[in-house]
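Numbering (full-length UniProt numbering), first residue to last: 1 to 244.
Here a beta-carbon is modelled for each residue, glycine too, at the ideal position from N, C-alpha and C.
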Ligand code: SF4
Ligand code: SF4
């Protein structure tokens, strides 16, 4: 847990310029800063960059599974123990050529929640996961994505209650649906975006035909969602392993 040693803090407020989610607050009575534990994501940017000239920012032990989860997801140089991936602990679709997680006829759904300066509370990640599950998304298992470790039942997307107040820098809700079901999933996301207190970007992972064409995204027009003007292309080097 990130704390400020009051004996060392001189109240210069330099630390406030560096926090990724505005977790350093100034106590006008004591004329010193303190860490808002409800907002701090344990990203350790302030510690790694040694932003305090007095060395007053200290880390004390992350004493629960949820605190450790929060830190591993928020600190970009941490490695996630189960998936073995740094950053937010998931490869998403970047290795689909080899893994074949998204098959023909399916659409990968990747809801990238929170951003530096904003963050995401797990209660909002739960809302999005539940909306996706109810709309027909098969949520990814914990072998592939960290959030699933907090989800006793992937078919509902509900998270364990104990985790809901934790704030992360960013987390990804991911899964896949049938192509025919994409419109319903997009409608569910348009609805739930109004119910959460953060931002998300949506990644859609699609398989094109041999000419590089797909009609999967046509439903975006029906919902007045702009067609994406940029994307990542997986060129097929691992194709023999993911023909299905
Ligand atoms: S930079 Fe260090 S000394 Fe200055 S307010 Fe922050 S914790 Fe206190
Ligand atoms: S660990 Fe991250 S979120 Fe917490 S106070 Fe430091 S910079 Fe801010």
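Are the CB atoms of residue i and residue j nearer to each other than 8 Å?
i: residue 199; j: residue 115; result: yes
i: residue 42; j: residue 71; result: yes
i: residue 54; j: residue 10; result: yes
i: residue 46; j: residue 18; result: yes
i: residue 168; j: residue 159; result: no
i: residue 90; j: residue 144; result: yes
i: residue 137; j: residue 185; result: yes
i: residue 131; j: residue 174; result: no
i: residue 15; j: residue 60; result: no
i: residue 108; j: residue 204; result: yes
i: residue 1; j: residue 67; result: yes
i: residue 20; j: residue 157; result: no
i: residue 227; j: residue 237; result: no
i: residue 183; j: residue 223; result: yes
i: residue 51; j: residue 127; result: no
i: residue 172; j: residue 112; result: yes
i: residue 12; j: residue 24; result: no
i: residue 147; j: residue 133; result: no
i: residue 170; j: residue 120; result: yes
For residue i, verify whether its CB is less than 7 Å away from any heavy atom of ligand 1.
i: residue 138; result: no
i: residue 228; result: no
i: residue 10; result: yes
i: residue 14; result: yes
i: residue 54; result: yes
i: residue 94; result: no
i: residue 31; result: no
i: residue 225; result: no
Going by DSSP in three states, residue i sits in which element: helix, strand or coil?
i: residue 4; result: strand
i: residue 223; result: coil
i: residue 122; result: helix
i: residue 127; result: helix
i: residue 139; result: strand
i: residue 209; result: coil
i: residue 9; result: coil
For ligand 2, is there a heavy atom less than 7 Å away from the beta-carbon of residue i?
i: residue 42; result: yes
i: residue 23; result: yes
i: residue 20; result: yes
i: residue 46; result: yes
Hey, is residue i's beta-carbon within less than 8 Å of any beta-carbon in chain E?
i: residue 124; result: Although the question refers to chain E, the structure presented lacks it and comprises just one protein chain.
| message | Threshold first: 4 residues or longer. Then list the alpha helix (DSSP H) segments lying entirely within the region 150 to 206, N to C. | response | With a minimum length of 4 residues, the continuous alpha helix (DSSP H) runs that stay inside the region 150 to 206 are 182 to 192.
| field | Complete runs of the beta strand (DSSP E) confined to the region 17 to 105 [at least 3 residues] | value | 24 to 27, 32 to 35 and 57 to 59
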